[in-house]
Each structure stands twice: as structure tokens, then as C-alpha cells.
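Numbering (the UniProt record's numbering), first residue to last: 1 to 136.
Inspection log for the structure reproduced underneath, given as C-alpha cells.
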Amino acid sequence: MVFKGHCLCGQVKYTVDMDAPLLTGYDHCDDCQRQSGSTYSLVVVCLKDKVTITGPTKSWAGKGSSGNDVHRIFCSECGSPIAHDPDAAPEIIAIKGGTLESEYKKTLKPDTEIWTVGKLPFCQEHLAKPFTHMPE
Numbered sequence: 001m002v003f004k005g006h007c008l009c010g011q012v013k014y015t016v017d018m019d020a021p022l023l024t025g026y027d028h029c030d031d032c033q034r035q036s037g038s039t040y041s042l043v044v045v046c047l048k049d050k051v052t053i054t055g056p057t058k059s060w061a062g063k064g065s066s067g068n069d070v071h072r073i074f075c076s077e078c079g080s081p082i083a084h085d086p087d088a089a090p091e092i093i094a095i096k097g098g099t100l101e102s103e104y105k106k107t108l109k110p111d112t113e114i115w116t117v118g119k120l121p122f123c124q125e126h127l128a129k130p131f132t133h134m135p136e
């Protein structure tokens with residue numbers, strides 16, 4: 001099975017040739033919060049040799065908790081984060097779940113939370129006032 005995704009402007013595209021990700025989870029680390037601009041990053045961990053990324057990307061490397069670099073791959077045109085690629089685990093890459101094609105991301109079932117030490121205290125499963133769209 002192949003699943004696909006792309007950045008906001010559509011210039012960066014990727015395919016993953018795996019039946020299922022190794023894991024799908026919420027990454028609460030401070031770096032992912034900053035990169036996503038949100039409380040966590042939804043990551044879909046895949047084997048790196050099963051992922052093909054095309055288009056204009058840039059990468060920025062910062063130190064991970066292991067002391068090794070974590071390469072954050074993003075679209076050089078629109079800035080959408082695509083993946084992070086940790087040197088400490090060279091066989092895997094963490095695709096940003098929000099960039100998957102809609103038909104696939106709607107089927108995701110997160111099974112893991114990582115870096116819960118960084119989980120913000122107000123993060124909950126359900127909030128009291130859900131809105132289907134932006135309220136008027």
C-alpha cells in the first residue's frame with residue numbers, strides 16, 4: 001500500500017510505501033510544539049527507506065535529547081513542516097500527520113504519546129465547548 005501527502009502549497013509531495021506506519025502518535029516535545037505552532041505534533045513514524053520526498057525542501061538541524069541532530073524538513077516555499085529525521089534513529093522518519101492526504105489522515109488512530117514530560121497541562125481528550133467550524 002502507498003499513502004501520500006503534500007505541503008500547503010502542493011510543491012512538496014511524498015509517498016510512503018508501507019502497509020501501515022510503525023506508530024502514530026502525539027509528540028509533545030518542546031521542539032515539535034514550536035515547529036507546529038501548536039500543543040503537539042501528530043507524527044506518523046515510517047521506515048526512511050520507504051519514504052520518497054520530492055519538491056523544494058529545506059532542512060534545519062537542532063540537537064535532540066540524545067545529543068544527535070534532528071533534521072526538520074519543511075517546504076522552502078510555504079514553510080509547511082513535512083517530517084523530522086533523527087540521527088539517533090537513522091532507520092526511521094517521522095512524517096507530520098497533518099500533511100497526509102485527507103483520505104488517509106482521516107483513518108489514523110494515534111496509539112502513542114511521546115515526550116509527555118512536555119505535555120501542556122491544559123491538553124485534554126475532549127473540551128466542553130466543541131465547534132464543528134469556527135464560531136461566529
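Ideal Cβ positions, reconstructed from N, Cα and C, are used throughout, including at glycine.
Per-residue burial, Phe122 [other beta carbons within 10 Å of its own, 16 or more giving buried]: The residue you call residue 122 lines up with position 122 of the sequence shown. Burial call: exposed.
Burial state of Leu8 (16 or more Cβ within 10 Å): What you label residue 8 is simply residue 8 of the sequence shown in a count that begins at 1. Flag for Leu8 reads exposed.
Neighbour-count burial assignment, residue 142, 16 or more Cβ in a 10 Å radius: Residue 142 is absent from the model: the chain starts at 1 and stops at 136.
Residue closest to Val2, alpha-carbon to alpha-carbon, out of Gly118, Glu101, Leu120 and Pro56: The residue labelled residue 2 in the question sits at position 2 within the sequence shown. Scanning Gly118, Glu101, Leu120 and Pro56 for the CA closest to the CA of Val2 turns up Glu101.
Proximity of Thr52 and Tyr26 at Cβ, strictly below 9 Å: Taking the sequence shown and counting its residues from 1, the one referred to as residue 52 is at position 52. Taking the sequence shown and counting its residues from 1, the one referred to as residue 26 is at position 26. For Thr52 and Tyr26, no; Cβs fall outside 9 Å.
Contact check, Cys29 vs Ile114, beta carbons under 9 Å: On the sequence shown, position 29 is the one that residue 29 refers to. On the sequence shown, position 114 is the one that residue 114 refers to. At a Cβ-Cβ threshold of 9 Å, Cys29 and Ile114 count as neighbours.
Presumed contact (8 Å Cβ cut-off) between Lys105 and Gly97, rounded CB distance: On the sequence shown, residue 105 is found 105 positions in, with the first residue counted as 1. On the sequence shown, residue 97 is found 97 positions in, with the first residue counted as 1. Between Gly97 and Lys105 the Cβ distance is about 6 Å, and since that is below 8 Å, they are a contact.
Spatially closest choice to Thr112 from Val43, Gly37 and Asp85, by CA coordinates: Counting from 1 along the sequence shown, the entry for residue 112 is found at position 112. The alpha carbon of Thr112 has as its nearest neighbour, out of Val43, Gly37 and Asp85, the alpha carbon of Val43.
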